[in-house]
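Residue numbers (the numbering used here): 6 to 644.
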């Protein structure tokens, strides 16, 4: 390199400093992953050059043999990773090596706890890439030049990984990037050919780019190095250098599949499951799709980068190609390699290519089939999947009508027939347990499991032994607004509309309900007059067996969950009043019926109304008025 010019010292982005500090301590036990991360980046750089060179062959600069070179110097205690890929300009270096250019970075940082084990997992989901170099190095030098730029526009970046870095302009004859790690004291083990070869074969054997190292001197009979016959050291390719998805499935081990997942996802954990398929015919493609075990930190940021790595005829085209899977499957990682798309492609062209729609349909079905198989054959793994991604899958019925039935079979819920809040009940399970004569799938939505489980609306269902699905996530009510039936059975929210139990109820029970309603007509009219500002109607219930009253929404009214979502989003919420249903068999209602004082009648009616609201998980408009009325009643009873 020649003399450095335009040298300046810059500070790391605050998040980089935090990440470096945490990573060096949290990931120390898994320090050897630095080589995997740096080789993975080098591979990406080479693939990006190959793609850009399709439209500009001059970028190869008369060197089309793309590779990655790993070398070391025992005396200097350095390890060097060099590629002849796309390289970086000065502005690229500042952007990529001085900041973390990821959406949701602040949210990621807020989740770090200081617990090394937990932070290690979270950092793994975030991806560390280049910064992993500082796990084993106390100084890192980067020499790089973007392909197609003059030799004099090379860049030298250097940092000790603390608070700042220097950047200068240098001559760099070869395009691409060279990273020199100055190993920390105690990390000299990595300045060793055998150690580095083992790590390349362990973590990067699947890299499609050849990883080259110099051959080491052979050992003689006495264990000493034999003199090289040739003064010029020879190169050898250390890895298989074959794209893993192009190989026969029978020849790929689970460990190799696992390492390839880590390469494309930068997740430190193992995948939960995967599917590898090759399709021939009118639509020719190979796909390797992975389901992660843990949700990424930015799962709920719908604008975060997502999608598959796209290859066309084994040539890398783009990362995060999000055209090939619907948004509710945005957590899927993997590769799709198509023979039906043009190499001269862009995101805009992909949106217009009919083959993309065909691929999206095929890949979506692949993922749904993979998840269905996981649910049937490995329920424990599926429970792990559902805990991480169940809420996202619930977006599916509204977004993907053509696959609605497949998605519905993936859903899991808690129910009144289980003893736990864990969502283990499928709709197929529910339908299989339906009572004779039961025509509907009953469910209740609530803020949490206890509120749902103890809802007064469930009393008649317990008495009849009818199972009710308990839905406790905010997305549930929105999801159910897009669902009407499953397996020929319609859905019924037990808190909305008039309750119909079909032939589960006997004619004698229905007749008794009619008589009860007729006997309570006077009380119902008194309540309608007193509560006309609070409720839309008053009627006798047959939902309740133990509670005095409950609130019921009209069939098409918005539920509490949807109201909260819309209010939080600043959306206008339509006005609506609930129906007040009373249980005339309850002592409190009977006492209310015999109350001659209209003022006292009104106070008692409001107390019972507010209690019904609270038992349904609602919020009182005027809590102090409720407390005042209740205190007044308690004082009267104590006198």
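We treat Cβ as the ideally placed atom computed from N, Cα and C, and that holds for glycine.
Whole-angstrom C-beta distance between residue j and residue i, which should lie under 8 angstroms
i: residue 276; j: residue 296; result: 6 angstroms
i: residue 250; j: residue 340; result: 5 angstroms
i: residue 524; j: residue 601; result: Rounded, the Cβ-Cβ distance is 18 angstroms, inconsistent with contact.
i: residue 207; j: residue 141; result: Wrong, their Cβ atoms sit about 16 angstroms apart, outside the cutoff.
i: residue 564; j: residue 450; result: 6 angstroms
i: residue 50; j: residue 181; result: 7 angstroms
i: residue 273; j: residue 35; result: 7 angstroms
i: residue 429; j: residue 298; result: Not confirmed; about 18 angstroms, so no contact.
DSSP-derived helix/strand/coil call for residue i
i: residue 439; result: coil
i: residue 228; result: Confidence is the limiting factor: at residue 228 the pLDDT is only 47, short of 50, which leaves the residue's position unreliable and the question unanswerable from this model.
i: residue 593; result: helix
i: residue 109; result: Because the pLDDT of residue 109 is 49, which lies under 50, any placement of that residue in the model is unreliable, and the question is left without a value.
i: residue 6; result: Only weak support is given to the placement of residue 6: the predicted model assigns it a pLDDT of 49, under 50, and the value that follows is read from those uncertain coordinates. DSSP places residue 6 in coil when its eight states are reduced to three.
i: residue 645; result: Past the boundaries of the shown model lies residue 645; the chain is included only from 6 to 644, so the question cannot be answered.
i: residue 195; result: helix
i: residue 377; result: helix
i: residue 17; result: coil
i: residue 187; result: strand
i: residue 389; result: helix
i: residue 63; result: helix
i: residue 416; result: coil
i: residue 247; result: coil
i: residue 549; result: coil
i: residue 233; result: Reliability of the predicted coordinates at residue 233 is poor, the pLDDT of 48 falling under 50, and the value obtained from them is presented with this limitation in mind. Note: residue 233 maps to coil in three-state DSSP.
i: residue 365; result: helix
i: residue 23; result: helix
i: residue 540; result: coil
i: residue 176; result: coil
i: residue 74; result: strand
i: residue 240; result: strand
i: residue 473; result: coil
i: residue 423; result: coil
i: residue 92; result: coil
i: residue 429; result: coil
i: residue 445; result: strand
i: residue 342; result: strand
i: residue 134; result: helix
i: residue 397; result: helix
i: residue 51; result: helix
Whole-angstrom distance between residue j and residue i, CA atom to CA atom
i: residue 560; j: residue 480; result: 19 angstroms
i: residue 612; j: residue 634; result: 7 angstroms
i: residue 599; j: residue 532; result: 13 angstroms
i: residue 459; j: residue 358; result: 53 angstroms
i: residue 632; j: residue 423; result: 36 angstroms
i: residue 240; j: residue 137; result: 27 angstroms
i: residue 92; j: residue 379; result: 42 angstroms
i: residue 77; j: residue 374; result: 47 angstroms
i: residue 629; j: residue 617; result: 16 angstroms
i: residue 187; j: residue 377; result: 49 angstroms
i: residue 98; j: residue 151; result: 10 angstroms
i: residue 61; j: residue 196; result: 38 angstroms
i: residue 519; j: residue 508; result: 16 angstroms
i: residue 345; j: residue 314; result: 16 angstroms
i: residue 146; j: residue 238; result: 25 angstroms
i: residue 245; j: residue 319; result: 16 angstroms
i: residue 530; j: residue 637; result: 25 angstroms
i: residue 143; j: residue 185; result: 11 angstroms
i: residue 54; j: residue 64; result: 7 angstroms
i: residue 84; j: residue 100; result: 24 angstroms
i: residue 605; j: residue 334; result: 57 angstroms
i: residue 57; j: residue 155; result: 17 angstroms
i: residue 544; j: residue 383; result: 48 angstroms
heavy atom of the ligand SAM below 6 angstroms from residue i C-beta
i: residue 68; result: In the structure shown, the ligand SAM is absent, as is every other ligand, since no ligand is present at all.
In chain order, each beta strand (DSSP E) run of at least 3 residues that lies wholly inside the region 266–338
You should have 278–284, 290–296, 313–317 and 320–326.
Taking only runs of the beta strand (DSSP E) that begin and end inside the region 564–637, which ones reach a length of at least 3 residues, in chain order?
The region 564–637 is shown to contain whole beta strand (DSSP E) runs of 3 or more residues at 584–587, in chain order.
Taking one C-beta from the region 546–565 and one from the region 495–504 each time, how about it: are there three or more such pairs within less than 8 angstroms?
At 8 angstroms Cβ cutoff, the stretches touch.
Could you pull out every unbroken beta strand (DSSP E) segment of at least 3 residues lying fully inside the region 144–169, listed in chain order?
The region 144–169 contains these whole beta strand (DSSP E) runs: 159–164.
Between the region 403–413 and the region 442–456, do three or more beta carbon pairs fall short of 8 angstroms?
As far as the Cβ criterion goes, the region 403–413 does not touch the region 442–456, which means the pair count is below three.
Contact between the region 388–403 and the region 282–293: three or more CB pairs below 8 angstroms?
Remark: fewer than three beta-carbon pairs, one from each stretch, lie closer than 8 angstroms, so the region 388–403 and the region 282–293 are not flagged as touching.
Beta strand (DSSP E) segments (min. 3 residues) lying fully within the region 478–531:
Whole beta strand (DSSP E) segments, 3+ residues: 494–498.
Taking three-plus beta-carbon pairs below 8 angstroms as touching, is the region 9–18 in contact with the region 169–177?
As far as the Cβ criterion goes, the region 9–18 touches the region 169–177, which means the pair count is three or higher.
Does the region 426–434 come close enough to the region 504–524 that 3 or more CB-CB pairs lie under 8 angstroms?
Contact fails: fewer than three Cβ-Cβ distances are below 8 angstroms.
Just checking, does the region 313–324 make contact with the region 259–268 on the three C-beta pairs under 8 angstroms criterion?
The answer is no - the region 259–268 does not touch the region 313–324, with fewer than three Cβ pairs under 8 angstroms.
The region 579–588 contacting the region 540–550, beta-carbon criterion three pairs below 8 angstroms
Touching, yes, given that three or more Cβ pairs across the two stretches are closer than 8 angstroms.
Stretch-stretch touch, CB-based, cutoff 8 angstroms, three pairs: the region 199–217 with the region 69–86
Yes, the region 199–217 touches the region 69–86.
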